[in-house]
Amino acid sequence: MTAPEESRAWFPFGMGREDAHTRLFCLPFAGGGASNFLPWRARLAEASIGVAPVQYPGHETRLGETPLHVWEDMLAALQKSLAPMLDRPYALFGYSMGARLAFALAARLAAARTPPAQLIVAAHLPPDLPSPALQAVGLDDESFKALLLQYGGIPVEMAHEQGFWDLTLPVMRADFALAAAPLDADAYAGAASAAYPIAGYAGVDDVHADAQAMAGWRRFTRAGFILREFAGDHFFLRSADICPALNTDLALARSADLSSLVSA
């Protein structure tokens, strides 16, 4: 695969608004795809934010590819594909597993002297706590299905469709293996004193990563931390309107010192 082809694979829907002041790279949850973030484009374009959703191998438009289950492979490939896109201020938004990935990617990009203007993490515990994905280790298929249904992201009507599970289980197994794997120590070292602010987004009814637990993300920045709560459970992304918060937080990251705005 050539470099342009690889870039198109990771960003099948492009960068959004071409003249955007800021790019927002969105990293999906386990089993999720780039299309989840497309509705944000029209909402954030007015604020000159270009929404650039990331597509993992094995997901949506990349179904024919083998999912990645090693952090180094995922991070190296993402950093390479992102490099040509960092020609303006940018932020990373990670949801659930994507938050863990965004954290490690931000540290890696900062070490390369191309730090994000903002790191936004949603629905995931701080990376120094055990990953909830460890619950899936060693589960047989039926137990793993039950765990996935407990998270609430799978439509109930699909739960009895074997064809759905035949397609979904291999991808989810790979994603959960990735999410459960320990991050490289360099990620913690680089992020512990990060010079970019972090915003944490939590669902009020999320039993996997509530606001109290997510407040721990403040430990990984010296540039300011904001915690926001939204109506909904682990997948509040699908029920709550978070675009106003994104607009506000990205504007703050570009123009203000967040030290006076730390909450929670």
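Residues 3 to 266 (the numbering used here) are what the sequence shown spells out, left to right.
All residues carry an ideal CB built from backbone N, CA and C; glycine is no exception.
What you are looking at is a predicted structure, and each value in this text was computed from that prediction instead of being measured.
Delimiting residues of the alpha helix (DSSP H) encompassing residue 100: It spans 99-113 - the alpha helix (DSSP H) in which residue 100 sits, taken as one unbroken run.
Nearest residue (CA-CA) to residue 182, options 223, 164, 229, 130: Relative to residue 182, the option among 223, 164, 229, 130 whose CA is nearest is 130.
Distance cut-off 7 Å: residue 180 Cβ against heavy atoms of the ligand FAD: Looking for the ligand FAD in the displayed structure turns up nothing, as the structure carries no ligands at all.
Same chain only: Cβ atoms within 6 Å of residue 235, ignoring 5 sequence neighbours per side: Within the same chain, residue 235 has close Cβ partners 154, 205, 207, 208.
Pairwise C-alpha distance: residue 57 and residue 64: If I take the Cα positions, the gap works out to 7 Å.
Simplified DSSP assignment, three categories, for residue 165: Note: residue 165 maps to helix in three-state DSSP.
Proximity below 8 Å, CB of residue 30 to CB of residue 97: Yes, they are a contact pair.
Counted within 10 angstroms of its Cβ, other Cβ atoms place residue 173 as buried (16 or more) or exposed: When all chains shown are included, residue 173 counts as buried.
Cutoff 7 Å; reference residue 14; Cβ partners in own chain excluding five residues on either side: Once the five neighbours on either side are set aside, the close Cβ partners of residue 14 are 36, 57, 63.
Exposed unless 16 or more other CB atoms sit within 10 angstroms - verdict on residue 162: Around the beta-carbon of residue 162, fewer than 16 other beta-carbon atoms lie within 10 Å, marking it exposed.
Candidates 196, 242, 184: closest to residue 74 by CA position: Ranking 196, 242, 184 by Cα distance to residue 74 puts 184 first.
Residue 180 in three-state terms, based on DSSP: In the structure shown, residue 180 sits in a helix (DSSP, three-state: H, G or I).
Sheet register partners of residue 139 (DSSP bridge): According to the DSSP secondary-structure assignment, residue 139 is paired through a beta bridge with no residue.
Residues bridged to residue 28 [DSSP beta-bridge criterion]: Answer is 55, 95, bridged to residue 28.
Chain-order list of residues whose beta-carbon lies under 7 Å from that of residue 91 (same chain, five-residue window excluded): Correct list, in chain order: 23, 24, 119, 256.
Reference residue 246; option with closest CA among 4, 145, 67, 47: Residue 246 has its Cα closest to that of 47, out of 4, 145, 67, 47.
Length of the line joining the Cα atoms of residue 140 and residue 68: Here the alpha carbons of residue 68 and residue 140 stand approximately 21 Å from one another.
Extent of the continuous beta strand (DSSP E) to which residue 231 belongs: Where residue 231 is concerned, the enclosing beta strand (DSSP E) stretches over 227-232.
Rounded straight-line distance, which links the Cα of residue 8 to that of residue 84: Rounded to the nearest angstrom, the gap between the Cα atoms of residue 84 and residue 8 is 11 Å.
Spatial neighbours of residue 108 in its chain, beta-carbon cut-off 8 Å, leaving aside the 5 residues before and after: These residues qualify, in order along the chain: 94, 117, 118, 121, 193, 196, 198.
Residues that residue 66 bridges to, as DSSP identifies them: Looking at the DSSP assignment, residue 66 forms no beta bridge with any residue, so it has no partner.
Own chain residues within Cβ distance below 7 Å of residue 237, not counting five before or after: Here the set comprises 154, 155.
Contacts around residue 137, its chain only, beta-carbon distance under 7 Å, and the 5 residues preceding and following it disregarded: Only 149 meet the Cβ criterion.
Start-to-end residues for the alpha helix (DSSP H) that takes in residue 215: Note, residue 215: alpha helix (DSSP H), 213-216.
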